[in-house]
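For reference, the structure discussed in these notes is given below.
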Amino acid sequence: MRSLTLMFAGWALLSAQPKALFYLNDSPASIRSFQANADKIDVIVPTVYSVDAAGLVWGKPDPRVLETSRKFRVALMPIIVNPGFKQDMIHALMANAEARRRMNATLLAECRKYGYYGIQFDFENINYLDRDLLASMVKETSAALGRGGFKLSIATVPNEGDEPGKSDYTRWVFQNWRGAFDLRQLAPYVDFISLMTYDQHTRNTPPGPVAGMTWVEKLAAYAESQMPKAKISLGVALYGRRWSAGMRDKDPAVAASTIYAADAVDLAKAIDATVQWDPLEHAPWFYFYRDGIREYVFYNDARSFEDRYAMARERGLHGISAWILGSEDPGLWRSLPDRKP
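Below, the structure is given as C-alpha coordinates:
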(Lines of atoms letter the chains of each structure in order from A; the text may use other names.)
(Lines give C-alpha, C1' and ligand atoms only; values in the text may rest on other atoms or scores of the structure.)
Protein backbone atom coordinates (compact mmCIF):
# COMPACT_ATOMS: atom_id res chain seq x y z
CA MET A 3 0.00 0.00 0.00
CA ARG A 4 2.90 2.36 0.77
CA SER A 5 4.24 1.93 -2.78
CA LEU A 6 0.88 2.90 -4.25
CA THR A 7 0.73 5.95 -1.99
CA LEU A 8 4.12 7.05 -3.27
CA MET A 9 2.96 6.54 -6.84
CA PHE A 10 -0.07 8.75 -6.25
CA ALA A 11 2.13 11.41 -4.64
CA GLY A 12 4.30 11.46 -7.73
CA TRP A 13 1.30 11.71 -10.02
CA ALA A 14 -0.03 14.66 -8.06
CA LEU A 15 3.11 16.56 -9.04
CA LEU A 16 2.58 16.28 -12.79
CA SER A 17 4.36 19.04 -14.70
CA ALA A 18 2.91 22.52 -15.12
CA GLN A 19 3.50 21.98 -18.84
CA PRO A 20 0.50 20.60 -20.75
CA LYS A 21 0.08 17.06 -19.50
CA ALA A 22 1.06 14.61 -22.20
CA LEU A 23 -1.46 11.78 -22.34
CA PHE A 24 -0.93 9.01 -24.87
CA TYR A 25 -3.26 6.20 -25.81
CA LEU A 26 -1.89 2.68 -26.08
CA ASN A 27 -3.13 -0.51 -27.71
CA ASP A 28 -1.72 -4.03 -27.56
CA SER A 29 0.24 -3.90 -30.82
CA PRO A 30 4.00 -4.53 -30.54
CA ALA A 31 4.74 -1.08 -32.02
CA SER A 32 2.54 0.63 -29.43
CA ILE A 33 4.10 -1.23 -26.50
CA ARG A 34 7.64 -0.57 -27.78
CA SER A 35 6.94 3.13 -28.16
CA PHE A 36 5.68 3.37 -24.58
CA GLN A 37 8.71 1.53 -23.22
CA ALA A 38 11.08 3.77 -25.20
CA ASN A 39 9.40 7.10 -24.41
CA ALA A 40 7.83 6.68 -20.97
CA ASP A 41 9.98 9.49 -19.56
CA LYS A 42 8.09 11.92 -21.84
CA ILE A 43 4.60 10.72 -20.92
CA ASP A 44 2.52 11.96 -17.99
CA VAL A 45 -0.53 9.73 -18.40
CA ILE A 46 -0.77 6.44 -20.29
CA VAL A 47 -4.23 5.25 -21.30
CA PRO A 48 -4.23 1.64 -22.52
CA THR A 49 -7.24 -0.06 -24.05
CA VAL A 50 -8.00 -2.66 -21.36
CA TYR A 51 -11.61 -3.00 -20.26
CA SER A 52 -14.97 -3.69 -21.86
CA VAL A 53 -18.42 -3.76 -20.29
CA ASP A 54 -21.74 -5.31 -21.31
CA ALA A 55 -25.34 -4.25 -20.75
CA ALA A 56 -25.46 -6.06 -17.41
CA GLY A 57 -22.45 -4.14 -16.10
CA LEU A 58 -20.09 -7.11 -16.33
CA VAL A 59 -16.54 -5.84 -16.88
CA TRP A 60 -13.74 -7.84 -18.44
CA GLY A 61 -10.13 -7.20 -19.40
CA LYS A 62 -6.67 -7.40 -17.88
CA PRO A 63 -3.74 -4.97 -18.05
CA ASP A 64 -0.60 -5.97 -19.93
CA PRO A 65 2.20 -6.80 -17.43
CA ARG A 66 4.67 -4.85 -19.60
CA VAL A 67 2.52 -1.74 -19.31
CA LEU A 68 2.22 -2.15 -15.54
CA GLU A 69 5.98 -2.61 -15.21
CA THR A 70 6.87 0.39 -17.38
CA SER A 71 4.34 2.72 -15.76
CA ARG A 72 5.62 1.82 -12.29
CA LYS A 73 9.28 2.07 -13.28
CA PHE A 74 8.84 5.55 -14.76
CA ARG A 75 5.98 6.60 -12.43
CA VAL A 76 3.60 7.28 -15.29
CA ALA A 77 -0.03 7.75 -14.26
CA LEU A 78 -1.98 4.72 -15.51
CA MET A 79 -5.60 5.33 -16.54
CA PRO A 80 -7.07 2.44 -18.56
CA ILE A 81 -9.98 2.83 -20.95
CA ILE A 82 -13.32 1.07 -20.62
CA VAL A 83 -15.39 0.80 -23.81
CA ASN A 84 -18.75 -0.40 -25.07
CA PRO A 85 -17.52 -3.19 -27.39
CA GLY A 86 -18.07 -2.40 -31.04
CA PHE A 87 -19.49 0.96 -29.93
CA LYS A 88 -22.94 -0.66 -29.88
CA GLN A 89 -25.59 1.96 -29.22
CA ASP A 90 -28.28 -0.35 -27.83
CA MET A 91 -25.82 -1.91 -25.40
CA ILE A 92 -24.61 1.37 -23.90
CA HIS A 93 -28.20 2.62 -23.60
CA ALA A 94 -29.17 -0.53 -21.70
CA LEU A 95 -26.23 -0.12 -19.32
CA MET A 96 -26.94 3.53 -18.61
CA ALA A 97 -30.63 2.83 -17.99
CA ASN A 98 -30.01 -0.01 -15.51
CA ALA A 99 -29.08 1.08 -11.98
CA GLU A 100 -27.96 -2.40 -10.89
CA ALA A 101 -25.74 -2.77 -13.97
CA ARG A 102 -24.12 0.58 -13.26
CA ARG A 103 -23.44 -0.38 -9.65
CA ARG A 104 -21.90 -3.66 -10.78
CA MET A 105 -19.63 -1.87 -13.25
CA ASN A 106 -18.57 0.75 -10.71
CA ALA A 107 -17.76 -1.84 -8.05
CA THR A 108 -15.56 -3.75 -10.47
CA LEU A 109 -13.75 -0.63 -11.66
CA LEU A 110 -13.03 0.42 -8.08
CA ALA A 111 -11.68 -3.05 -7.28
CA GLU A 112 -9.43 -2.99 -10.37
CA CYS A 113 -8.07 0.44 -9.45
CA ARG A 114 -7.17 -0.82 -5.99
CA LYS A 115 -5.67 -4.05 -7.31
CA TYR A 116 -3.38 -2.46 -9.89
CA GLY A 117 -2.76 0.98 -8.41
CA TYR A 118 -4.31 2.95 -11.25
CA TYR A 119 -4.55 6.72 -11.28
CA GLY A 120 -8.11 6.22 -12.44
CA ILE A 121 -10.32 5.11 -15.35
CA GLN A 122 -11.30 6.75 -18.63
CA PHE A 123 -14.73 6.23 -20.20
CA ASP A 124 -14.59 5.76 -23.97
CA PHE A 125 -18.25 5.14 -24.67
CA GLU A 126 -19.14 6.04 -28.25
CA ASN A 127 -22.10 5.92 -30.63
CA ILE A 128 -24.48 7.20 -27.96
CA ASN A 129 -27.80 8.63 -29.09
CA TYR A 130 -28.11 12.33 -28.34
CA LEU A 131 -31.37 11.68 -26.45
CA ASP A 132 -29.31 9.77 -23.85
CA ARG A 133 -27.17 12.73 -22.81
CA ASP A 134 -28.80 12.95 -19.37
CA LEU A 135 -28.34 9.22 -18.78
CA LEU A 136 -24.66 9.55 -19.66
CA ALA A 137 -24.15 12.51 -17.34
CA SER A 138 -25.88 10.65 -14.51
CA MET A 139 -23.67 7.58 -14.99
CA VAL A 140 -20.53 9.72 -15.08
CA LYS A 141 -21.58 11.33 -11.80
CA GLU A 142 -22.14 7.93 -10.17
CA THR A 143 -18.88 6.41 -11.38
CA SER A 144 -16.91 9.48 -10.36
CA ALA A 145 -18.32 9.23 -6.84
CA ALA A 146 -17.62 5.49 -6.65
CA LEU A 147 -14.01 5.84 -7.77
CA GLY A 148 -13.54 8.95 -5.65
CA ARG A 149 -14.27 6.97 -2.50
CA GLY A 150 -11.02 5.13 -3.16
CA GLY A 151 -9.08 8.23 -4.17
CA PHE A 152 -9.21 7.42 -7.89
CA LYS A 153 -10.09 9.70 -10.81
CA LEU A 154 -12.50 9.46 -13.72
CA SER A 155 -11.96 11.04 -17.12
CA ILE A 156 -14.00 10.75 -20.29
CA ALA A 157 -13.22 10.87 -24.00
CA THR A 158 -15.82 12.93 -25.85
CA VAL A 159 -16.66 13.41 -29.50
CA PRO A 160 -16.36 17.19 -29.92
CA ASN A 161 -18.87 19.76 -31.10
CA GLU A 162 -18.66 23.21 -32.62
CA GLY A 163 -21.97 23.98 -30.94
CA ASP A 164 -25.18 22.40 -29.74
CA GLU A 165 -26.71 22.22 -33.21
CA PRO A 166 -26.88 19.22 -35.56
CA GLY A 167 -25.64 21.02 -38.68
CA LYS A 168 -27.13 21.42 -42.13
CA SER A 169 -26.10 18.31 -44.07
CA ASP A 170 -27.45 14.78 -43.65
CA TYR A 171 -23.97 13.65 -42.63
CA THR A 172 -23.45 16.24 -39.89
CA ARG A 173 -26.97 15.65 -38.55
CA TRP A 174 -26.27 11.92 -38.36
CA VAL A 175 -22.96 12.54 -36.58
CA PHE A 176 -24.64 14.86 -34.07
CA GLN A 177 -27.52 12.50 -33.33
CA ASN A 178 -25.35 9.41 -32.86
CA TRP A 179 -21.87 10.57 -31.90
CA ARG A 180 -21.59 14.18 -30.77
CA GLY A 181 -24.87 15.24 -29.22
CA ALA A 182 -24.72 12.99 -26.16
CA PHE A 183 -21.69 14.77 -24.72
CA ASP A 184 -22.90 17.78 -22.76
CA LEU A 185 -19.65 19.30 -21.53
CA ARG A 186 -21.38 21.53 -18.98
CA GLN A 187 -22.99 18.49 -17.35
CA LEU A 188 -19.94 16.25 -17.53
CA ALA A 189 -17.12 18.60 -16.48
CA PRO A 190 -17.93 18.88 -12.73
CA TYR A 191 -17.59 15.13 -12.23
CA VAL A 192 -14.39 14.31 -14.12
CA ASP A 193 -10.70 14.98 -13.61
CA PHE A 194 -10.47 16.05 -17.25
CA ILE A 195 -12.11 15.52 -20.63
CA SER A 196 -10.15 14.14 -23.58
CA LEU A 197 -11.61 16.09 -26.48
CA MET A 198 -11.38 13.78 -29.49
CA THR A 199 -10.55 16.43 -32.09
CA TYR A 200 -10.39 13.79 -34.81
CA ASP A 201 -11.57 12.65 -37.37
CA GLN A 202 -12.52 15.71 -39.38
CA HIS A 203 -12.28 13.86 -42.68
CA THR A 204 -13.14 10.15 -42.95
CA ARG A 205 -14.13 7.52 -45.50
CA ASN A 206 -17.53 9.24 -45.52
CA THR A 207 -16.12 12.61 -46.61
CA PRO A 208 -13.91 14.02 -49.36
CA PRO A 209 -10.13 13.87 -48.71
CA GLY A 210 -8.75 16.28 -46.13
CA PRO A 211 -6.74 16.47 -42.91
CA VAL A 212 -7.66 14.12 -40.09
CA ALA A 213 -7.76 17.16 -37.81
CA GLY A 214 -7.05 20.48 -39.51
CA MET A 215 -5.90 23.28 -37.23
CA THR A 216 -8.79 25.64 -38.03
CA TRP A 217 -11.28 22.90 -37.13
CA VAL A 218 -9.39 21.99 -33.96
CA GLU A 219 -9.33 25.63 -32.88
CA LYS A 220 -13.10 25.93 -33.34
CA LEU A 221 -13.71 22.81 -31.28
CA ALA A 222 -11.36 23.98 -28.53
CA ALA A 223 -13.03 27.40 -28.43
CA TYR A 224 -16.47 25.85 -28.06
CA ALA A 225 -15.26 23.51 -25.31
CA GLU A 226 -13.75 26.48 -23.46
CA SER A 227 -17.16 28.18 -23.54
CA GLN A 228 -18.70 25.16 -21.81
CA MET A 229 -16.15 24.11 -19.19
CA PRO A 230 -12.92 25.16 -17.44
CA LYS A 231 -9.84 25.22 -19.65
CA ALA A 232 -7.92 23.39 -16.97
CA LYS A 233 -10.08 20.31 -17.59
CA ILE A 234 -9.69 20.18 -21.39
CA SER A 235 -7.18 17.70 -22.81
CA LEU A 236 -6.85 18.42 -26.52
CA GLY A 237 -7.08 15.39 -28.77
CA VAL A 238 -4.13 15.02 -31.15
CA ALA A 239 -4.22 12.52 -34.01
CA LEU A 240 -0.85 10.90 -34.68
CA TYR A 241 -2.02 8.96 -37.74
CA GLY A 242 -3.28 9.88 -41.20
CA ARG A 243 -5.53 8.61 -43.97
CA ARG A 244 -5.10 7.54 -47.57
CA TRP A 245 -8.03 8.05 -49.94
CA SER A 246 -8.32 5.76 -52.94
CA ALA A 247 -10.93 4.35 -55.31
CA GLY A 248 -12.94 1.56 -53.69
CA MET A 249 -15.05 -1.22 -55.15
CA ARG A 250 -17.83 -0.11 -57.49
CA ASP A 251 -20.44 -2.25 -55.76
CA LYS A 252 -19.53 -1.06 -52.28
CA ASP A 253 -20.95 1.91 -50.39
CA PRO A 254 -19.04 4.15 -50.06
CA ALA A 255 -17.16 3.58 -53.30
CA VAL A 256 -14.23 5.66 -52.03
CA ALA A 257 -11.92 3.97 -49.55
CA ALA A 258 -10.03 5.79 -46.80
CA SER A 259 -7.55 3.64 -44.91
CA THR A 260 -5.48 4.54 -41.87
CA ILE A 261 -1.81 5.23 -42.53
CA TYR A 262 0.91 5.80 -39.94
CA ALA A 263 3.39 8.65 -40.20
CA ALA A 264 6.42 6.53 -41.10
CA ASP A 265 4.44 4.62 -43.72
CA ALA A 266 3.21 7.87 -45.28
CA VAL A 267 6.78 9.15 -45.56
CA ASP A 268 7.97 5.85 -47.04
CA LEU A 269 5.11 5.86 -49.56
CA ALA A 270 5.88 9.42 -50.66
CA LYS A 271 9.54 8.48 -51.20
CA ALA A 272 8.70 5.26 -53.03
CA ILE A 273 6.44 6.98 -55.56
CA ASP A 274 8.48 10.20 -55.67
CA ALA A 275 5.52 12.30 -54.52
CA THR A 276 5.98 15.90 -53.42
CA VAL A 277 4.94 16.32 -49.78
CA GLN A 278 3.23 19.66 -49.28
CA TRP A 279 2.59 21.58 -46.07
CA ASP A 280 -0.81 23.17 -45.56
CA PRO A 281 -0.05 26.43 -43.69
CA LEU A 282 -3.69 26.91 -42.74
CA GLU A 283 -4.36 23.42 -41.40
CA HIS A 284 -0.80 22.74 -40.18
CA ALA A 285 -0.64 19.32 -41.80
CA PRO A 286 1.45 17.57 -44.48
CA TRP A 287 -0.18 15.93 -47.48
CA PHE A 288 0.53 14.65 -50.96
CA TYR A 289 -1.18 13.06 -53.92
CA PHE A 290 -0.19 10.64 -56.65
CA TYR A 291 -1.75 8.70 -59.49
CA ARG A 292 -2.44 4.98 -59.46
CA ASP A 293 -3.91 3.46 -62.63
CA GLY A 294 -4.67 6.99 -63.76
CA ILE A 295 -6.70 7.84 -60.66
CA ARG A 296 -5.54 10.44 -58.16
CA GLU A 297 -5.10 9.28 -54.57
CA TYR A 298 -4.57 11.55 -51.57
CA VAL A 299 -2.67 11.09 -48.34
CA PHE A 300 -3.09 13.42 -45.36
CA TYR A 301 -1.07 12.60 -42.27
CA ASN A 302 0.50 14.08 -39.15
CA ASP A 303 4.20 14.54 -38.49
CA ALA A 304 6.41 15.99 -35.76
CA ARG A 305 5.73 19.54 -36.94
CA SER A 306 1.95 19.17 -36.85
CA PHE A 307 2.20 17.58 -33.39
CA GLU A 308 4.42 20.38 -32.11
CA ASP A 309 1.95 23.01 -33.35
CA ARG A 310 -0.96 21.35 -31.54
CA TYR A 311 1.04 20.85 -28.36
CA ALA A 312 1.97 24.54 -28.48
CA MET A 313 -1.69 25.41 -28.99
CA ALA A 314 -2.65 23.51 -25.83
CA ARG A 315 0.09 25.30 -23.89
CA GLU A 316 -0.80 28.76 -25.20
CA ARG A 317 -4.51 28.29 -24.47
CA GLY A 318 -3.80 27.10 -20.92
CA LEU A 319 -5.42 23.70 -21.41
CA HIS A 320 -5.00 20.66 -19.19
CA GLY A 321 -2.88 19.01 -21.85
CA ILE A 322 -3.10 16.76 -24.89
CA SER A 323 -4.56 13.31 -25.53
CA ALA A 324 -2.67 11.71 -28.42
CA TRP A 325 -4.01 8.72 -30.38
CA ILE A 326 -2.17 6.36 -30.71
CA LEU A 327 1.33 5.24 -29.68
CA GLY A 328 3.09 3.35 -32.43
CA SER A 329 1.63 5.48 -35.21
CA GLU A 330 3.65 8.62 -34.45
CA ASP A 331 6.47 10.39 -36.23
CA PRO A 332 9.45 9.57 -33.97
CA GLY A 333 10.57 13.18 -34.23
CA LEU A 334 7.65 14.41 -32.12
CA TRP A 335 9.34 13.29 -28.91
CA ARG A 336 11.75 16.21 -29.25
CA SER A 337 8.77 18.52 -28.67
CA LEU A 338 8.09 17.15 -25.20
CA PRO A 339 10.08 17.98 -22.08
CA ASP A 340 11.49 15.19 -19.96
CA ARG A 341 9.00 14.53 -17.21
CA LYS A 342 10.32 15.04 -13.70
CA PRO A 343 9.09 12.31 -11.33
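Just so you know, we're using the numbering used here here: the sequence shown kicks off at 3 and counts up by one.
All C-beta atoms, glycine included, are put in the ideal place defined by N, C-alpha and C.
Please read all numbers here as calculations on a predicted model, not as lab measurements.
So, at 8 Å on beta carbons, what are the nonlocal neighbours of ILE326 in its own chain, with the 5 sequence-adjacent residues on each side left out? Indexing the sequence shown from 1 puts residue 326 at position 324. Correct list, in chain order: PHE24, TYR25, LEU26, ASN27, SER32, LEU240, TYR241.
Spatial neighbours of SER259 within its chain, please: CB distance less than 6 Å, with the 5 preceding and 5 following residues excluded, ordered by chain position. Here residue 259 refers to the residue found at position 257 of the sequence shown. Cβ-Cβ distances below 6 Å link SER259 to ARG244 in the same chain, with the five nearest sequence neighbours on each side left out; the list follows chain order.
What number of angstroms, rounded off, separates the C-alpha of ARG317 from the C-alpha of PRO20? In the sequence shown, the residue the question calls residue 317 occupies position 315. In the sequence shown, the residue the question calls residue 20 occupies position 18. As the crow flies, the alpha-carbon of ARG317 is around 10 Å from that of PRO20.
For the beta strand (DSSP E) holding ILE33, just list the boundary residues, first then last. The sequence position of residue 33 within the sequence shown is 31, counting from 1. Per DSSP, ILE33 lies in no beta strand (DSSP E); the unbroken alpha helix (DSSP H) holding it starts and ends at 30-39.
Under the DSSP definition of a beta bridge, which residues are partnered with ALA157? The residue labelled residue 157 in the question sits at position 155 within the sequence shown. Beta-bridge pairing links ALA157 to SER196.
By how many angstroms is the C-alpha of VAL45 removed from the C-alpha of ALA22? For the purposes of this step, residue 22 is taken as the residue at position 20 of the sequence shown. For the purposes of this step, residue 45 is taken as the residue at position 43 of the sequence shown. So the two alpha carbons sit approximately 6 Å from each other.
Over what stretch of residues does the beta strand (DSSP E) that includes GLY242 continue unbroken? As a position in the sequence shown, residue 242 is number 240, starting the count at 1. Boundaries of the beta strand (DSSP E) harbouring GLY242: 242-247, taken from the DSSP string.
Cutoff 6 Å; reference ARG186; Cβ partners in own chain excluding five residues on either side: Position 184 of the sequence shown, counted from the start, is the residue given in the question as residue 186. Hits under 6 Å: GLN228.
Mapping DSSP to helix, strand and coil, what is ARG2? This structure does not reach residue 2, given that the chain is present from 3 up to 343, and the question cannot be answered.
Leaving out the 5 sequence neighbours to the left and right, which residues in its chain are closer than 7 Å to ASP54 when beta-carbon positions are compared? Within the sequence shown, residue 54 is the residue found at index 52, counting from 1. Scanning its chain for C-beta atoms nearer than 7 Å, with the 5 sequence neighbours on each side dropped, one finds around ASP54 the residues MET91, in chain order.
When the Cα of LEU319 is compared with those of ALA225, ARG292, SER35, which residue comes out closest? Locating residue 319 in the sequence shown gives position 317, where the first residue counts as 1. Here the closest residue by C-alpha is ALA225.
Complete beta strand (DSSP E) runs within the stretch 57-119 (minimum length 3 residues, chain order): 81-83
Helix, strand or coil: how does DSSP classify ILE301 here? Stepping through the sequence shown from its first residue, residue 301 is reached at position 299. One point to set straight first is that residue 301 is Tyr, not Ile, in the sequence displayed. TYR301: coil per DSSP, three-state reduction.
Helix, strand or coil: which one does DSSP assign to ARG149? Working through the sequence shown from its first residue, we reach residue 149 at position 147. ARG149 sits in coil when the DSSP states are folded into three classes, being neither helix nor strand.
Along the alpha helix (DSSP H) that carries TYR2, what are the first and last residues, could you check? No answer is possible for residue 2: the residues shown for the chain start at 3 and end at 343.
CB ALA157 to CB ASP193, shorter than 8 Å? Residue mapping note: residue 157 aligns to position 155 of the sequence shown, counting from 1. Residue mapping note: residue 193 aligns to position 191 of the sequence shown, counting from 1. No, they are not a contact pair.
Proximal residues to SER306 (C-beta, below 6 Å), its chain only, five neighbours per side dropped: On the sequence shown, position 304 is the one that residue 306 refers to. Contacts found: HIS284, ALA285.
Using beta-carbon positions only, say whether ARG341 and LYS153 come within less than 8 Å of one another. Here residue 341 corresponds to residue number 339 of the sequence shown, with the count starting at 1. Here residue 153 corresponds to residue number 151 of the sequence shown, with the count starting at 1. Cβ atoms of ARG341 and LYS153: not closer than 8 Å.
In the DSSP assignment, what residue or residues form a beta bridge with TYR262? As a working note, residue 262 is residue 260 in the sequence shown. Partner(s): none; TYR262 has no beta bridge.
Rounded C-beta distance between GLY163 and LEU197? I'm assuming under 8 Å. Sequence index remark: in the sequence shown, residue 163 carries index 161 (1-based). Sequence index remark: in the sequence shown, residue 197 carries index 195 (1-based). Contact between GLY163 and LEU197 does not hold, since the beta-carbon distance rounds to 14 Å and is not under 8 Å.
THR276 in three-state terms, based on DSSP: Indexing the sequence shown from 1 puts residue 276 at position 274. Three-state result, THR276: coil.
What did DSSP end up calling GLN202 once you bin it into helix, strand or coil? Within the sequence shown, numbered from 1, the residue matching residue 202 stands at position 200. Looking at GLN202 - three-state DSSP - the assignment turns out to be coil, as it is neither helix nor strand.
Can you check whether the CB of ASN127 is closer than 8 Å to the CB of PHE87? The residue labelled residue 87 in the question sits at position 85 within the sequence shown. The residue labelled residue 127 in the question sits at position 125 within the sequence shown. Against a cut-off of 8 Å, the Cβ pair of ASN127 and PHE87 comes out as a contact.
Going by beta carbon distance, what residues of the same chain come within less than 6 Å of LEU16, once the five residues before and after it are set aside? Taking the sequence shown and counting its residues from 1, one reaches residue 16 at position 14. Reliability fails at LEU16, whose pLDDT of 45 lies under 50, so the model's placement of it is uncertain and the value that follows must be treated cautiously. For LEU16, where only same-chain residues beyond five positions count, the Cβ hits under 6 Å are ASP44.
In three-state DSSP terms, what is ALA55? Your numbering for residue 55 matches position 53 in the sequence shown. Reduced to three states, the DSSP call for ALA55 is coil.
Closest by CA to ARG66, which one among GLN37, MET79, GLN278? Translated into positions along the sequence shown, residue 66 becomes position 64. Nearest of GLN37, MET79, GLN278 to ARG66, Cα basis: GLN37.
Which partner residues does GLN122 have in the DSSP bridge list? Working through the sequence shown from its first residue, we reach residue 122 at position 120. Beta-bridge pairing links GLN122 to ILE81, SER155.
How would you label ILE57, buried or exposed, when you count the other beta carbons within 10 angstroms and need 16 or more for buried? Mapped onto the sequence shown, residue 57 falls at position 55. The sequence given here has Gly at residue 57, not Ile. Buried.
Using the three-state DSSP reduction, which class does GLY181 fall into: helix, strand or coil? Sequence index remark: in the sequence shown, residue 181 carries index 179 (1-based). Of the three classes helix, strand and coil, the one that applies to GLY181 here is coil, per DSSP.
Alpha-carbon to alpha-carbon, ASN206 and PHE290: For the purposes of this step, residue 290 is identified with residue 288 of the sequence shown, where counting begins at 1. For the purposes of this step, residue 206 is identified with residue 204 of the sequence shown, where counting begins at 1. Distance between the alpha carbons of PHE290 and ASN206 is about 21 Å.
Per the DSSP calculation, ARG296 is bridged to which residue(s)? For the purposes of this step, residue 296 is identified with residue 294 of the sequence shown, where counting begins at 1. Answer is TYR291, bridged to ARG296.
Looking only at its chain, what residues have a beta carbon closer than 8 Å to the beta carbon of ARG149, apart from the 5 residues adjacent to it on each side? The count along the sequence shown starts at 1 and reaches residue 149 at position 147. For ARG149, where only same-chain residues beyond five positions count, the Cβ hits under 8 Å are LEU110.
Assign VAL212 to one of three DSSP states: helix, strand, or coil. Counted from its first residue, the sequence shown places residue 212 at position 210. Coil, per DSSP.
Where the alpha helix (DSSP H) containing TYR171 begins and where it ends: Translated into positions along the sequence shown, residue 171 becomes position 169. That run of the alpha helix (DSSP H) goes 170-175.
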